[in-house]
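Quick note: the working numbering has the sequence shown finishing at residue 610, numbered continuously throughout.
Note that CB positions come from ideal geometry on N, CA and C, so glycine has one too.
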Amino acid sequence: MNVCALRLLFSRNSLRLNQVSATNGSGFPPASGSSHGRRPWLVRSLPAIFLLVLTAAGCNTVPDYQMRQAQLRSMQMYRQNQALSAQLGQAQQSAAALAAERAQLEQQLAIAGQRLDNLNAERSALHDRYSHLLTASSNPLPGPTSERFRDLAERYPDFEFDPETGVSKFNSDLLFALGSDSIRPDAQELLKEFAAIMNSEEAQQFNILVVGHTDDIPIKKSGTAARHPTNWELSVHRGTAVVHALAKFGLKENRMGVSGYSMYQPISPNTNDENRAKNRRVEIYVLAPDARVATGG
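This is how it looks when you write it as structure tokens:
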């Protein structure tokens, strides 16, 4: 028996006792002359009636199983709220991390863009300088030296000589394997003869600038990329390899300079394999004795 039932039983018993007391145990109200007539039995029963009404009203409660279900739903909602709060926190952390990563990438991109702008400006300045030197001096080589270079070009189809400018061009496929800066053994004789011409008495006063060029195909092989990350490095490394080879054949290093233009000075559109082969080249510019490219003088 629950508390509400006990309260109700107590209220009913109290009411019965008051009724019995009011009727002298006979069930009827006392005579008008009796001493109990001063307080009518209904008045004396009011507290018990009031308690009975309150008890009955207070016992109109929700059944226990409904209460348990409500508590269970409340607990489930609380746990769901906690899980959603945790997910929200994780999402906010991920968003903050992504924002930081994006800011870092944007900073790196800005640095790379600035570096590219600087390289392009430097390349443009060097190109203007070389063009000025070539235009001003035309072909500085004396007649006998030019004749020897023309003869060399006739014997080596992949070697070109321009008598108007004094510029020599080596097809890179003649000198190097694809992606390599190691000079082929069968190209050594050509470079040896070139060094001999430059060391002749009539050409000893001239300097040379060795310039490497590539096609537009990016470096992909991991072995090649480890040594030449981009075509910039490949073009410079090939020019440097030619300088070292000429030095080995007796041409003094203080008479030589080296540069690289990567894929940015093509002589043919990079639209097919034949044109790309033309663009893979090493050019040697013959400079007048007073041309000081390194110092810009």
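Close Cβ partners of residue i (< 7 angstroms) along its chain, the five nearest in sequence each way excluded
i              : result
serine 345     : Because serine 345 carries a pLDDT of 48, less than 50, the predicted location of this residue cannot be relied on, and the following value inherits that uncertainty. Around serine 345: no qualifying Cβ.
asparagine 588 : Ser581 and Pro582
threonine 458  : Ile510, Ser513, Glu515 and Ala516
lysine 591     : Ile580 and Ser581
Cβ shell of residue i (< 6 angstroms), same chain only, five flanking positions each side left out
i             : result
arginine 540  : none
tyrosine 598  : Val480 and Leu522
valine 571    : Val523, Gly552, Thr553 and Val556
glutamate 566 : Ala560
Bounding residues of the alpha helix (DSSP H) (the contiguous stretch that carries residue i)
i              : result
serine 575     : Note, serine 575: premise wrong, no alpha helix (DSSP H); not H, not E.
asparagine 567 : Taken as a continuous stretch (DSSP letters only), asparagine 567 belongs to no alpha helix (DSSP H), as it is neither H nor E.
arginine 589   : 586-592
Range of the contiguous beta strand (DSSP E) that encloses residue i
i              : result
arginine 540   : It is not in any beta strand (DSSP E) - arginine 540 instead sits in the alpha helix (DSSP H) that spans 535-540.
asparagine 583 : No beta strand (DSSP E) holds asparagine 583; DSSP gives it neither H nor E.
isoleucine 532 : Neither: isoleucine 532 is in no beta strand (DSSP E) and is coded neither H nor E.
Residue i and residue j closer than 8 angstroms at C-beta
i                 : j                 : result
threonine 543     : isoleucine 532    : yes
aspartate 494     : leucine 547       : yes
alanine 508       : leucine 564       : yes
proline 455       : glutamate 515     : yes
arginine 463      : phenylalanine 474 : yes
arginine 468      : threonine 527     : no
leucine 488       : valine 595        : yes
glycine 492       : lysine 534        : yes
tyrosine 577      : arginine 436      : yes
phenylalanine 562 : lysine 482        : no
Residues near residue i in its chain [Cβ-Cβ closer than 8 angstroms; skip 5 each side]
i              : result
methionine 569 : Asn520, Ile521, Leu522, Val523, Val556, Leu559 and Ala560
glutamine 382  : none
*Examine the Cβ distances between the region 497-505 and the region 571-582 and report whether three or more of them are shorter than 8 angstroms.*
no
*Could you give the uninterrupted runs of the beta strand (DSSP E) lying entirely in the region 439-513, keeping only those of 3 residues or more?*
472-475 and 480-484
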